[in-house]
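Asks: This is the structure I want to talk about, given as structure tokens.
Listed below in structure tokens is the structure:
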């Protein structure tokens, strides 16, 4: 069964460092998403991406964040200068259509020290 | 106030019990997702529905658009159903398309 894969599963970084989280969405999907879940809190929407551009983003997704689809398969989330409060589980998801079923990756846990 | 509210927050059940988890939302939606988050953190989509009822195995999801309410039912619960169940509303306006509830932590005891 096709699945969304994310790497790394866990990353520990120092405050101020750049981090890139990688996702390989399901191959025929067109809509891509990043979500964040701070430990003990609810999942929050960060950004959606369609047709090689951001279609929507939340207030959380400030100038420190960027997304890219550098090739036909990868979808990356970059945090330019990490802060302590960026520590969270980051989930990538994809769907075939805008209101279609979402398929989530297993998540990337980011710990900022 | 959260746009998506779930109840209960925590639920402990004996194996075999019928379980109901509720979700109420205050925004206009085009669809509602029920998700399952495993103890390890991974999220799996269970249902996406915009009207009526859907069934998959022992899981049933219903939605009442007029009352802005959805329920997830688990029949003949089993310890492997232990997880956090999350309701998420796909809004039909605004710049935050998918709004999540805080989740219901279910523990099924053998």
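Residue numbers (my numbering), protein chains in the order written: chain A, 13 to 125; chain B, 4 to 113.
Even for Gly, the Cβ is constructed at its ideal location relative to N, Cα and C.
#1: What would DSSP say about residue 96(A), mapped onto helix, strand or coil?
#2: Using the Cβ count rule (16 or more neighbours within 10 Å means buried), how would you classify residue 74(A)?
#3: Would you mind sorting residue 91(A) into buried or exposed? The rule is 16 or more other CB atoms within 10 Å of its CB.
#4: Name, in chain order, the residues that DSSP records as bridge partners for residue 58(B).
#5: Buried or exposed for residue 119(A), going by 16 or more other Cβ atoms inside 10 Å?
#6: Distance, Cα to Cα, residue 76(A) vs residue 32(A)?
#7: Between residue 33(B) and chain A, is there a C-beta pair that is closer than 8 Å?
#8: How big is the Cα-Cα spacing for residue 20(A) and residue 69(B)?
#9: Along chain C, which residues have their Cβ under 8 Å away from the Cβ of residue 47(B)?
#10: Quick check: the Cα distance between residue 58(B) and residue 74(B), rounded to an integer number of angstroms?
#11: Considering only the beta carbon of each residue, do residue 59(A) and residue 50(A) sit closer than 8 Å?
#12: How far does the beta strand (DSSP E) with residue 103(B) in it extend, from its first residue to its last?
Replies: Let me spell this out:
#1: Locating residue 96(A) in the first chain gives position 84, counting from the first residue. Helix, per DSSP.
#2: Within the first chain, the letter at position 62 stands for residue 74(A). Per the 10 Å Cβ criterion, exposed.
#3: Along the first chain, read from residue 1 onward, the residue named residue 91(A) stands at position 79. Buried, since its Cβ has 16 or more Cβ neighbours within 10 Å.
#4: Stepping through the second chain from its first residue, residue 58(B) is reached at position 55. DSSP output for residue 58(B) lists 63(B) as bridge partner(s).
#5: Along the first chain, one-based indexing puts residue 119(A) at 107. By the 10 Å Cβ count, residue 119(A) comes out buried.
#6: Indexing the first chain from 1 puts residue 76(A) at position 64. Indexing the first chain from 1 puts residue 32(A) at position 20. Taking the straight line joining both Cα atoms gives about 12 Å.
#7: Taking the second chain and counting its residues from 1, one reaches residue 33(B) at position 30. Chain A, which has a Cβ nearer than 8 Å to the Cβ of residue 33(B), makes this yes.
#8: Translated into the one-based positions of the first chain, residue 20(A) becomes position 8. Translated into the one-based positions of the second chain, residue 69(B) becomes position 66. Rounded to whole angstroms, residue 20(A) to residue 69(B) spans 43 Å at the Cα level.
#9: Looking at the structure shown, chain C is missing, and the protein chains on hand are A and B.
#10: For the purposes of this step, residue 58(B) is identified with residue 55 of the second chain, where counting begins at 1. For the purposes of this step, residue 74(B) is identified with residue 71 of the second chain, where counting begins at 1. Those two C-alpha atoms are separated by around 12 Å.
#11: One-based indexing of the first chain puts residue 59(A) at position 47. One-based indexing of the first chain puts residue 50(A) at position 38. Not in contact: residue 59(A) and residue 50(A) (Cβ atoms no closer than 8 Å).
#12: Here residue 103(B) refers to the residue found at position 100 of the second chain. Looking at the DSSP string, the run of the beta strand (DSSP E) that includes residue 103(B) is 101 to 103.
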